[in-house]
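Asks: Okay, handing you the structure first.
Number of protein chains: 2
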Amino acid sequence: MEGQLYLKQNNIKATKARIYIMGLLLNSDSAITADYIYESSVDKKLFIDLSTVYRTLELLEEKSLVDKFDLGGGMNSFIIKKLGHKHTVECSKCHRELEIDCPMNQIDELIRNKTGFTPIEHELNIKGICEQCKKAGFL
Amino acid sequence: MEGQLYLKQNNIKATKARIYIMGLLLNSDSAITADYIYESSVDKKLFIDLSTVYRTLELLEEKSLVDKFDLGGGMNSFIIKKLGHKHTVECSKCHRELEIDCPMNQIDELIRNKTGFTPIEHELNIKGICEQCKKAGFL
DNA sequence: CTGCGTGCAAATGCTTTGCATATGT
DNA sequence: ACATATGCAAAGCATTTGCACGCAG
């Protein structure tokens, strides 16, 4: 029932498929794939179609309820959204600042996937050249 | 002719397709996609088949002459290999160290792709829990 | 009852592969 | 000449889309 509430709180029509998927997401501490959700639904004799899984995940992402990670090779995984943060990159030439979404979520997921290591904290510092300065011929 | 030499130096049979692809890679300061190579070959009336492009890139990657970046959505780009480096992550519990390939190449490419900002240097610090400690119930 | 959600099947986009032919050394 | 590279066409894989039916509100 947990998933049901969560959906209603976010003005999403609570259907069998969505309730099940939401439940899975709420009870996963790590990111899961569309196929994992599908297979899981098959195990439970629910047979939620893959297209429905994808459409639900897309909806939840639009509503900012889940984060989508690119696993490479065209695969993605999804996790209930946690508080995100931003990073700032500063151009080494013009010193203008550019804000980017923290790219570490991706990295964390890649590392977890390849090595089993679970990243918890990070510190990241990027230096580079912004588009304009690059066009201006600095690099 | 430049590509030709580069290939021979690396014991790769120098064919028309490979020479052209190698030339493109050598003259690109940023990573390029298989499709870009293909289209470029069409423009030059060479019509190198996409499968040939992919097979060549695969070969060059195996020979460690190019780096392959995952652009997300199942797409990749390729760039002549630069000197790579490793990072070390240390488990916050058992303090064992784990060496990983620098994950920033991917990030750099993503940032370049999305914002036009060209990353040059980085500093990266990751803390986390290794697989064994996690299984042991610390997290 | 009415529109939105669903399953099914087919389409997509990038990449990979099988096979017969063409090409480099 | 002979192994290997190539083009072509078809397959593969995760994901997306069109459409007719079904269910939630």
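Read top to bottom, the protein sequences are chains A and B.
Using the working numbering, the first residue of the first sequence is number 109, and each one after it goes up by one.
Using the working numbering, the first residue of the second sequence is number 109, and each one after it goes up by one.
Note that the Cβ used here is the ideal one computed from N, Cα and C, for glycine as well.
Remember, it's a predicted structure, so these values are computed and weren't measured experimentally.
How is A:S159 classed by DSSP in three states: helix, strand or coil?
Replies: Along the first sequence, one-based indexing puts residue 159 of chain A at 51. Three-state result, A:S159: helix.
Asks: What is the rounded straight-line gap between the Cα of A:V150 and the Cα of A:T196?
Replies: Numbered from 1 along the first sequence, position 42 holds the residue referred to as residue 150 of chain A. Numbered from 1 along the first sequence, position 88 holds the residue referred to as residue 196 of chain A. So the alpha carbons of these two residues sit roughly 44 Å apart.
Asks: Does the separation of the CB atoms of B:N118 and B:K189 fall below 8 Å?
Replies: To locate residue 118 of chain B, count along the second sequence from 1; it is residue 10. To locate residue 189 of chain B, count along the second sequence from 1; it is residue 81. It is not a contact, given that the beta carbons lie outside the stated cut-off.
Asks: Cα-Cα, which of B:M183, B:L179 and B:C238 is closest to B:R220?
Replies: On the second sequence, position 112 is the one that residue 220 of chain B refers to. The shortest Cα separation from B:R220 among B:M183, B:L179 and B:C238 belongs to B:L179.
Asks: Which residues, in order along the segment 134–147 of chain B, keep a beta-carbon less than 7 Å from a beta-carbon of chain A?
Replies: From the segment 134–147 of chain B, no residue has a Cβ closer than 7 Å to chain A.
Asks: In its own chain, which residues sit with a C-beta less than 6 Å from the C-beta of B:Y146, not counting the 5 before and 5 after it?
Replies: The residue given as residue 146 of chain B occupies position 38 in the second sequence. So the qualifying residues of the chain are L158 and V161.
Asks: Measure the Cβ-Cβ separation of B:S185 and B:T223 and say whether it is below 8 Å.
Replies: Within the second sequence, the letter at position 77 stands for residue 185 of chain B. Within the second sequence, the letter at position 115 stands for residue 223 of chain B. The answer is no: Cβ separation not under 8 Å.
Asks: Compute the distance between the beta-carbons of A:T164 and A:A122, then report whether it is under 8 Å.
Replies: The count along the first sequence starts at 1 and reaches residue 164 of chain A at position 56. The count along the first sequence starts at 1 and reaches residue 122 of chain A at position 14. No, they are not a contact pair.
Asks: Could you name the residues of chain B that A:V174 contacts, counting a contact when the two beta carbons are closer than 8 Å?
Replies: The residue you call residue 174 of chain A lines up with position 66 of the first sequence. Neighbours of A:V174 on chain B: none; closest Cβ ~17 Å, over 8 Å.
Asks: I need the boundaries of the alpha helix (DSSP H) containing A:I127, first residue and last residue.
Replies: Counting from one through the first sequence, the residue named residue 127 of chain A turns up at place 19. Looking at the DSSP string, the run of the alpha helix (DSSP H) that includes A:I127 is K124 to L134.
Asks: Using the three-state DSSP reduction, which class does B:I120 fall into: helix, strand or coil?
Replies: Start at 1 with the first residue of the second sequence, and residue 120 of chain B comes out as number 12. It is coil, neither helix nor strand.
Asks: With distances taken from CA atoms, which of A:K176, A:N135, A:I208 and A:L113 is nearest A:C238?
Replies: Looking up residue 238 of chain A in the first sequence gives position 130. It is A:I208.
Asks: Interface residues of chain B around A:V161 at Cβ under 9 Å?
Replies: Within the first sequence, numbered from 1, the residue matching residue 161 of chain A stands at position 53. Residues of chain B passing the Cβ test: none, with the nearest at roughly 18 Å.
Asks: Please return the same chain residues whose Cβ sits closer than 8 Å to the Cβ of B:L248, not counting the five positions on each side in sequence.
Replies: Residue 248 of chain B lies beyond the stretch modelled for chain B, which goes from 109 to 247, so this question has no answer here.
Asks: Give me the DSSP bridge partner(s) of A:I215.
Replies: Taking the first residue of the first sequence as 1, we reach residue 215 of chain A at position 107. BP columns for A:I215 are empty, so no partner.
Asks: Applying the 10 Å Cβ sphere with the 16-neighbour rule, what's the burial state of A:D216?
Replies: Within the first sequence, the letter at position 108 stands for residue 216 of chain A. With 16 or more other Cβ atoms within 10 Å, it is buried.
Asks: Could you give the DSSP three-state label for B:D175: helix, strand or coil?
Replies: On the second sequence, position 67 is the one that residue 175 of chain B refers to. Looking at B:D175 - three-state DSSP - the assignment turns out to be strand.
Asks: Is there at least one Cβ from chain B nearer than 8 Å to A:V197's Cβ?
Replies: Counting from one through the first sequence, the residue named residue 197 of chain A turns up at place 89. Closer than 8 Å: yes.
Asks: In whole angstroms, what separates the C-alpha of B:F225 from that of B:D137?
Replies: Translated into the one-based positions of the second sequence, residue 225 of chain B becomes position 117. Translated into the one-based positions of the second sequence, residue 137 of chain B becomes position 29. Straight-line Cα distance between these residues: approximately 14 Å.
Asks: What does B:D151 reach in chain A if we use C-beta pairs closer than 8 Å?
Replies: The sequence position of residue 151 of chain B within the second sequence is 43, counting from 1. None at all; the shortest Cβ gap to chain A is about 23 Å.
Asks: Determine, using beta carbons only, whether B:I215 comes closer than 8 Å to chain A.
Replies: Position 107 of the second sequence holds residue 215 of chain B. Closer than 8 Å to some Cβ of chain A, the Cβ of B:I215 qualifies, so yes.
Asks: Among residues of its own chain, excluding the 5 on either side of A:F155, which ones have a beta-carbon nearer than 8 Å to its beta-carbon?
Replies: The residue labelled residue 155 of chain A in the question sits at position 47 within the first sequence. Excluding residues within five positions, the ones whose Cβ falls inside 8 Å are S149.
Asks: Nearest to B:K152 by CA position, among B:E169, B:N233 and B:Y128, is which residue?
Replies: Against the second sequence, residue 152 of chain B aligns to sequence position 44. Answer by Cα proximity: B:Y128.
Asks: Looking at chain A, is there any beta carbon in it that lies within less than 8 Å of the beta carbon of B:D178?
Replies: As a working note, residue 178 of chain B is residue 70 in the second sequence. Yes, because at least one Cβ of chain A sits closer than 8 Å to the Cβ of B:D178.
Asks: For a contact defined as C-beta to C-beta under 7 Å, what are the partners of A:G111 on chain B?
Replies: Counted from its first residue, the first sequence places residue 111 of chain A at position 3. Per Cβ cutoff of 7 Å: no residues; A:G111 is ~24 Å from chain B at best.
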